[in-house]
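Under my numbering, the first residue of the sequence shown is numbered 8, with each subsequent residue one higher.
Each residue gets a CB set at the ideal place from its N, CA and C atoms; glycine is no exception.
Since we're looking at a predicted model, the values are computed, not measured.
I have placed the structure first, in the form of structure tokens, so that the comments after it can refer back to it.
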Amino acid sequence: QCITHCPVGALKERNDVPKIYDVLADPNKVTVVQVAPAVRTSWAEAFNLPPELATEGRMVATLKKIGFDYVFDTCYAADVTIMEEASELLEHLQKPQDHSWPMFTSCCPGWVSYVNKTHPYFVPNLSTTKSPQQIFGALAKSYFAQKKGLKPKEICSISIMPCVSKKREAALFSMRSSGTHDVDIVLTTREFIRLLRAEHINPAMLDEQPFDNPLGQSTGAGVIFGASGGVMEAALRTAYHVIEGKEAPEDAFTDVRGTEGRKVREFTLGGATLRTCTVSGLGNAGKLLDELKAGKVHYDFVEVMACPGGCVGGGGQPIHDGEERADVLGNKLYTIDSNRPLHQSHNNPDVQELYKDFLEKPLSEKAEQLLHSDHVKEHNYM
Ligand code: SF4
8 QCITHCPVGA LKERNDVPKI YDVLADPNKV TVVQVAPAVR TSWAEAFNLP PELATEGRMV
68 ATLKKIGFDY VFDTCYAADV TIMEEASELL EHLQKPQDHS WPMFTSCCPG WVSYVNKTHP
128 YFVPNLSTTK SPQQIFGALA KSYFAQKKGL KPKEICSISI MPCVSKKREA ALFSMRSSGT
188 HDVDIVLTTR EFIRLLRAEH INPAMLDEQP FDNPLGQSTG AGVIFGASGG VMEAALRTAY
248 HVIEGKEAPE DAFTDVRGTE GRKVREFTLG GATLRTCTVS GLGNAGKLLD ELKAGKVHYD
308 FVEVMACPGG CVGGGGQPIH DGEERADVLG NKLYTIDSNR PLHQSHNNPD VQELYKDFLE
368 KPLSEKAEQL LHSDHVKEHN YM
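Put into structure tokens, the structure is as follows:
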């Protein structure tokens, strides 16, 4: 917000749109785009599209119209994130003495960076699973490249994110599992809208198109990642299935939803109590870390999203002066979840195929190499 309100215009918002034109003009590059869950809740506001036209299919159509070769869904990668992170949580629960407690989610780079810079004592508590953006980039330049007979450097991996921190995350030295950056260009939702305007695209005139495959199919669990509590709920849906051997009731974990600063809940899994804490906003996260260090509170699994309300309220989303819209946009994601035929990451057929044909199983050697980071190289860039 301070960039857009700088009184002398000295602070300018970063603009990576020109990089898109360079890569689209390069005949030696295959462009592969991923779109984050939260972007679909807000991209159409700039065009005043009514809800029936502001669909995921029409968002895909705009990206195809711009000229990208493949349009995929970060929600697919979010389903993979859950497979890895829920497996990590179960491993921690099985061998509690081998791990630092509580386990923290790590899909928000704002949060990971905050822990590294202000509370490095807690770095071992972070899940080693990379964020969906980086998991997608790693799979685009390995699994997808292999399927298409491409070399990683022939692919330009582009992400559209509600987030400014994702630009910094993509540049980290630790996010180069393919030998090159796994994500080459990150556009915020605002930059995406700027690109559509520059191209004079009227989304209302386009017919809907589906995401491409095999990195385009997602479950409702992958979609709700964009709202505070979404990662926790998605992980619990899969952890429950593994521990109890059946699907959780639909409303089993909806208690973790909402934009409150801190939500503490208890769930029974396999006869044991799991204490969860969901935090939104870095101010609240700082207080939590201080209380954890002082031994004042005890939890097993903690989700933190740096932006109030989660990614739907992210720093790269359209700005509405004086309006807090995370609640409204988060509800849009829960509606998409309800309308998806599948609601658990482990039931995504494309994710099942990924493990069968390529990764073998969650936390396999290959999965560790491509999809995990110890977050220690967090401050190194290249
Ligand atoms: Fe980025 Fe904010 Fe989402 Fe964290 S919560 S990933 S900083 S948009």
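Inter-stretch contact at 8 angstroms, needing at least 3 Cβ pairs: the segment 292-300 / the segment 78-98: no
Inter-residue Cα distance where the pair is Y247 and G322: 33 angstroms
Pairwise C-alpha distance: F129 and G223: 34 angstroms
Whole-angstrom C-beta distance between M168 and S235, which should lie under 8 angstroms: Actually they are not in contact, since the Cβ atoms of S235 and M168 sit about 17 angstroms apart, beyond 8 angstroms.
F111 vs D219 beta-carbon contact at 8 angstroms: no
The ligand SF4 heavy atom lying under 7 angstroms from the CB of M110: no
CB of V190 within 8 angstroms of CB of C114, strictly: no
Residue range of the unbroken beta strand (DSSP E) whose run includes K270: R269 to L276
Unbroken beta strand (DSSP E) run spanning F79, endpoints: Y77 to D80
Other residues of its chain near A259: CB distance less than 8 angstroms, five sequence neighbours each side excluded: L243, R244, Y247 and F274
Top-ranked residue by Cα proximity to N22, from T195, E240 and P348: T195
Touching by the beta-carbon criterion (3+ pairs, under 8 angstroms), the segment 202-220 and the segment 177-186: no
Proximity of D76 and V37 at Cβ, strictly below 8 angstroms: yes
Stretch pair the segment 208-216 + the segment 54-69: three plus CB contacts closer than 8 angstroms: yes
Any non-hydrogen atom of the ligand SF4 within 7 angstroms of P169 CB: yes
CB contact flag (P139, D357, <8 angstroms): no
beta-carbon W50 near the ligand SF4 non-hydrogen atom, thresh 7 angstroms: no
F199 (DSSP reduced to helix, strand or coil): helix
Runs of beta strand (DSSP E) wholly within the segment 271-353 (minimum 3 residues, chain order): 279-287 and 308-312
Enclosing beta strand (DSSP E) for S398 [first to last residue]: Absent from the structure is residue 398, since the part of the chain shown begins at 8 and ends at 389.
Distance, H327 Cα to C9 Cα: At C9 the pLDDT is 48, less than 50, meaning the model places this residue with poor confidence and gives no usable figure here.
Straight-line Cα distance separating H106 from I73: 47 angstroms
Presumed contact (8 angstroms Cβ cut-off) between V46 and F199, rounded CB distance: 7 angstroms
Outcome for P109 when other beta-carbon atoms lying within 10 angstroms are tallied against a minimum of 16: buried
G317 Cβ short of 7 angstroms to the ligand SF4 heavy atom set: yes
Per-residue burial, T285 [other beta carbons within 10 Å of its own, 16 or more giving buried]: buried
C-beta atoms of M182 and Q141 nearer than 8 angstroms: yes
Collapsed DSSP secondary structure at H379 in the structure displayed: strand
Where the alpha helix (DSSP H) through I73 begins and ends: E63 to I73
Length of the line joining the Cα atoms of G265 and K373: 36 angstroms
For V230 and L340, believed in contact at Cβ under 8 angstroms, the rounded distance: 5 angstroms
Counted within 10 angstroms of its Cβ, other Cβ atoms place K137 as buried (16 or more) or exposed: buried
Cβ pair R272, T283 closer than 8 angstroms: yes
Check: C82 C-beta below 7 angstroms from any heavy atom of the ligand SF4: no
Uninterrupted beta strand (DSSP E) stretches inside the segment 178-232 (no shorter than 3 residues): 192-195
Rounded separation between E251 and Q104 - CA only: 23 angstroms
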